[in-house]
Amino acid sequence: MNAPSITTTAKTDTVSRNFDMAAAFKDALKAALITLGLSIPILAYKTDQSGADLFLTPRWGLVAIVCAIVFGLRLVIHAFTASRAYARATPSARQATEPVHAMPSAFQHVSRFAIPFFLGIAIAFPVLIYLIQGGLNESRYWVDLGILILTYVMLGWGLNIVVGLAGLLDLGYVAFYAVGAYSYALLSTTFGLSFWICLPLAGILAAFWGMILGFPVLRLRGDYLAIVTLAFGEIIRLVLINWVDLTNGGAGISSIPRATFFGLPFTAGESGFAATFGLEFNGMHRMIFLYYLILALALLTNFVTMRLRKLPVGRAWEALREDEIACRSLGINTTNTKLTAFAIGAMFGGFAGSFFAVRQGFVSPESFNFLESAIILAIVVMGGMGSQIGVAIAAIVLVGGPEILRNLTFLQAVFGSGFDPNEYRLLLFGMGMVAMMVWRPRGLISEREPSVILKERKAISGSLVKEGHG
Amino acid sequence: MSTAGANIAMQNPQASTARQPLLSVRGVKTYYGNIIALKGVDMDVNEGEIVTLIGANGAGKSTLMMTIFGNPRAREGTITYAGRDITKMPTHEIARLSIAQSPEGRRIFPRMTVFENLQMGASMNGLAHFDQDLERVCTLFPRLKERLQQRGGTLSGGEQQMLAIARALMSRPKLLLLDEPSLGLAPLIVKQIFEIIKELNEKDGMTVFLVEQNAYHALKLAHRGYVMVTGNITMSGTGRELLEDPQVKAAYLEGGHH
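From first to last, the protein sequence lines are chains F and W.
Heads up, the first sequence is in the numbering used here, so the first residue is 1 and it goes up one at a time.
Heads up, the second sequence is in the numbering used here, so the first residue is 1001 and it goes up one at a time.
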């Protein structure tokens, strides 16, 4: 340890640790443009022959899809290599560690079994329900409930980025859900764009609105931030109600086109999904497809969040939650950190929103009231801020719970036939919240999982620690 | 402390040296709203020095330190670091100029592990030499090495202070700003920390600007010192000079310091 080791501020780091979002975007955009250029002569026009005439059919939609795929893949590759490089640059477990023999935390206990378990259940859910209920049509209710829960899991995970990781209390998250839903509704009904094109667009638009919300609230924290975000959510809803020309006001937008299975519509016709795969037509095919679609979207949200947590931007979010002043004095640009948190959180809200629109086929401002924001926030808070699995459990409890209430018909025997358990939903909600505050004030899973785990912790017992293989 | 005496002592004792100071503060005035906290501060920190700033509670010591980091911003005057005007620079950019700060109250990240805290400290220059730096701070602070997996908030006060300093060191700073590293710590730990500061300065040639209430220890350690009273620098001199100054003695060294 001598002078040069510390006085040099080497800028020649071989491993670029900072996942440069702007550069990645630029590169992905370039790749997409090259694809566009290449696809003009290859993909953009199809020669069709009808009789003796030969004419060109433009296929710009296909070109757009291909470009979007290239763009997305390129971004994913960037994120991947960045996190790889970062992982390699992080010190190995052998390094300078004299592990304390820490007990595995509650989180680790739960996560080892819970995560594969939940994932397995989630993937097998439609099959299980099909087997239990003994038929596609009979399982409709349960698959529908699964879709609903997964939508909230996804929203919870999206909001978890803003509230749980970056510590920015956002009471208007439903605004981004609404932006996503209306983006798809308007783009598909006016321009006839397909769901697969609208999905990324809805995400981008929502992210854009996330930034718009982010700018004015950069200097706010805690209660003040909560009030402004609350107002923002209401503004979006009121605009949707009052801008009748665009949004059709309180009547909402109906007959939104449904999603297709990569181009195959879920219709009874010749070219439909069922006919193509030689199945008997059943409306439940679409439901099951929607189930897996939202499952994939939710898992994507989770995957991206987990990845980002290990990247500098995610680490900066968490540091920002812990102490903003310390963050700044460590050279973290808190402006960018907050804006990325808002934008990425909003983006997933937008995805979920466009899924909502495609599932319902109808959107109206009434779906995006403050109660929705409150429920999503409750999911995050109850789950334990920043805990992915906790949020998933909370979503199941808070969204699935009331549905179970609906089925508790025996209560009517106790309280009389006029008793509707579902009317007491919010009361039970409140009681649940109070119980949480008493017993688990920091959420179901309050333990924060370190994003870097020095692996040798359990391998070396306390007695060996003193040998100190530094 | 009379202001008359201050003017005489204001002259920089090292003014004769031709080279530019690493950090220089000129006529800096800082306000909190309409309340003036710094009333025109002049101060220099030369390369390789330990400079301390002592003063009573509310004198503006921490304000000066935070003003150097641009938060709050100086309303008048200039702050130059290594020949660059940093008065109007955003805090995070200042932090990237190889100035590191261990802010008042430690401000470690309580829910993150010691290891992650240290990683945050290194976040601005990449993790290229993270291993090396980690080993280095672990040698300086063996206590931290034992607690790398522990959450920052579960450390004792002294350990948290060590972590705050270690985290600041992870960015390989040229200039280290320390705000009251002895605050609330047992005398033995204070001694340890001051020894480490000395070691950093002597072995690594790090420049240290130390804000302290513990005037005796700070002045003993420092090459030079400044005394601040209600937003003004009233005295300056070498550490020894100030230690022996009757006014300083009367105001800051009376009582149980040893």
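All C-beta atoms in this analysis are idealised placements derived from N, C-alpha and C, irrespective of residue type, glycine included.
Bear in mind that the values here come from a model prediction, so they are computed numbers and not experimental data.
Status (buried if at least 16 other CB within 10 Å, exposed otherwise) for residue i
{"i": "F:Tyr184", "result": "buried"}
{"i": "F:Glu98", "result": "The predicted position of F:Glu98 is uncertain, since its pLDDT is 39 and thus under 50; a value taken from the coordinates is nonetheless stated next. That one is buried."}
{"i": "W:Phe1141", "result": "buried"}
{"i": "W:Asp1044", "result": "buried"}
{"i": "F:Met431", "result": "exposed"}
{"i": "F:Phe80", "result": "exposed"}
{"i": "W:Gly1060", "result": "buried"}
{"i": "F:Val100", "result": "Annotation note: pLDDT 44 at F:Val100 (below 50); position unreliable, coordinate value reported separately. F:Val100 is exposed by the Cβ-count criterion."}
{"i": "F:Gly314", "result": "buried"}
{"i": "F:Lys338", "result": "buried"}
{"i": "F:Val143", "result": "buried"}
{"i": "F:Glu318", "result": "buried"}
{"i": "F:Val414", "result": "exposed"}
{"i": "W:Lys1145", "result": "buried"}
{"i": "W:Arg1147", "result": "buried"}
{"i": "F:Arg538", "result": "Residue coverage of chain F in this structure runs from 1 to 470, which leaves residue 538 of chain F outside it and unanswerable."}
{"i": "F:Met437", "result": "exposed"}
{"i": "F:Gln49", "result": "exposed"}
{"i": "F:Trp209", "result": "buried"}
{"i": "W:Ser1236", "result": "buried"}
{"i": "F:Asp245", "result": "exposed"}
{"i": "F:Pro365", "result": "buried"}
{"i": "F:Gly468", "result": "With a pLDDT of 37 at F:Gly468, under the threshold of 50, the modelled position of this residue cannot be trusted; read the value that follows with caution. When all chains shown are included, F:Gly468 counts as exposed."}
{"i": "W:Ala1224", "result": "It should be noted that the sequence gives Arg, not Ala, for residue 1224 of chain W. The residue is buried, with at least 16 neighbouring Cβ atoms inside 10 Å."}
{"i": "F:Leu224", "result": "Here residue 224 of chain F is Tyr; the residue named in the question, Leu, does not match the sequence. Exposed is the call here."}
{"i": "F:Glu372", "result": "buried"}
{"i": "F:Gln412", "result": "exposed"}
Contact with chain F by residue i, beta-carbon distance below 9 Å
{"i": "W:Arg954", "result": "Outside the shown range of chain W (1001 to 1258) lies residue 954 of chain W, about which nothing can therefore be said."}
{"i": "W:His1217", "result": "no"}
{"i": "W:Gly1121", "result": "yes"}
{"i": "W:Pro1090", "result": "yes"}
{"i": "W:Met1124", "result": "yes"}
{"i": "W:Gln1101", "result": "yes"}
{"i": "W:Ser1171", "result": "yes"}
{"i": "W:Ala1166", "result": "no"}
{"i": "W:Ala1037", "result": "no"}
{"i": "W:Glu1093", "result": "yes"}
{"i": "W:Arg1096", "result": "yes"}
Check whether residue i and residue j have beta carbons under 9 Å apart
{"i": "W:Thr1080", "j": "W:Ala1074", "result": "no"}
{"i": "W:Val1028", "j": "W:Gly1070", "result": "no"}
{"i": "W:Glu1244", "j": "W:Glu1212", "result": "no"}
{"i": "F:Phe118", "j": "F:Gly146", "result": "no"}
{"i": "F:Val163", "j": "F:Met21", "result": "no"}
{"i": "W:Leu1175", "j": "W:Ile1099", "result": "yes"}
{"i": "W:Thr1207", "j": "W:Leu1023", "result": "yes"}
{"i": "F:Tyr519", "j": "F:Ala352", "result": "No answer is possible for residue 519 of chain F: the residues shown for chain F start at 1 and end at 470."}
{"i": "W:His1217", "j": "F:Asn333", "result": "no"}
{"i": "F:Leu297", "j": "F:Phe355", "result": "yes"}
{"i": "F:Gly61", "j": "F:Ile197", "result": "yes"}
Beta carbon proximity, residue i to chain W, threshold 9 Å
{"i": "F:Pro265", "result": "no"}
{"i": "F:Ala96", "result": "Because the pLDDT at F:Ala96 is just 40, under 50, the model does not fix this residue reliably, and the point stays unresolved."}
Residue i: CB within 8 Å of a non-hydrogen atom of the ligand FMN
{"i": "F:Gly233", "result": "Of the ligands one can find in the structure shown there are none, so the ligand FMN has no counterpart to examine."}
>> List, from N- to C-terminal side, the beta strand (DSSP E) runs of 3 residues or more that fit wholly inside the segment 149-204 of chain F.
In response: none
>> Runs of 4 residues minimum, wholly inside the segment 1128-1215 of chain W: which ones carry the alpha helix (DSSP H) assignment?
In response: 1130-1140, 1142-1146, 1157-1169, 1187-1204
> If you measure beta-carbon to beta-carbon, which residues of the segment 315-334 of chain F are closer than 9 Å to chain W?
Replying inline: Arg315, Ala316, Glu318, Ala319, Arg321, Glu322, Asp323, Ile325, Ala326, Cys327, Arg328, Ser329, Leu330, Gly331, Ile332, Asn333, Thr334
> Relative to chain F, which residues along the segment 1049-1080 of chain W have a C-beta separation below 8 Å, given in chain order?
Replying inline: Phe1069, Asn1071
> Of the residues that make up the segment 194-228 of chain F, which ones have a beta carbon closer than 7 Å to any beta carbon in chain A?
Replying inline: This model lacks chain A altogether, as its protein chains are F and W.
> Between the segment 1107-1120 of chain W and chain F, which residues of the former have CB atoms less than 8 Å from a CB of the latter, in chain order?
Replying inline: Of all residues in the segment 1107-1120 of chain W, those with a C-beta nearer than 8 Å to a C-beta of chain F are Arg1107, Ile1108, Phe1109, Pro1110, Arg1111, Met1112, Thr1113, Phe1115, Glu1116, Gln1119, Met1120, reading in chain order.
>> Under 7 Å, CB to CB, which of the residues in the segment 441-454 of chain F have a partner in chain W?
In response: Here the close residues are Arg448, Pro450, Ser451, Val452, Leu454.
> In chain order, what residues of the segment 1236-1251 of chain W put their CB closer than 7 Å to some CB of chain F?
Replying inline: none
> What are the complete alpha helix (DSSP H) segments, minimum 4 residues, inside the segment 249-324 of chain F?
Replying inline: List check, alpha helix (DSSP H) in window: 273-276, 284-310, 312-322.
> What are the residues of the segment 287-317 of chain F that lie near chain W, defined by any Cβ-Cβ distance shorter than 9 Å?
Replying inline: Listed in sequence order: Pro312, Arg315, Ala316.
>> For a minimum of 3 consecutive residues, which ranges assigned as the beta strand (DSSP E) are wholly contained in the segment 34-98 of chain F?
In response: 45-50, 53-58
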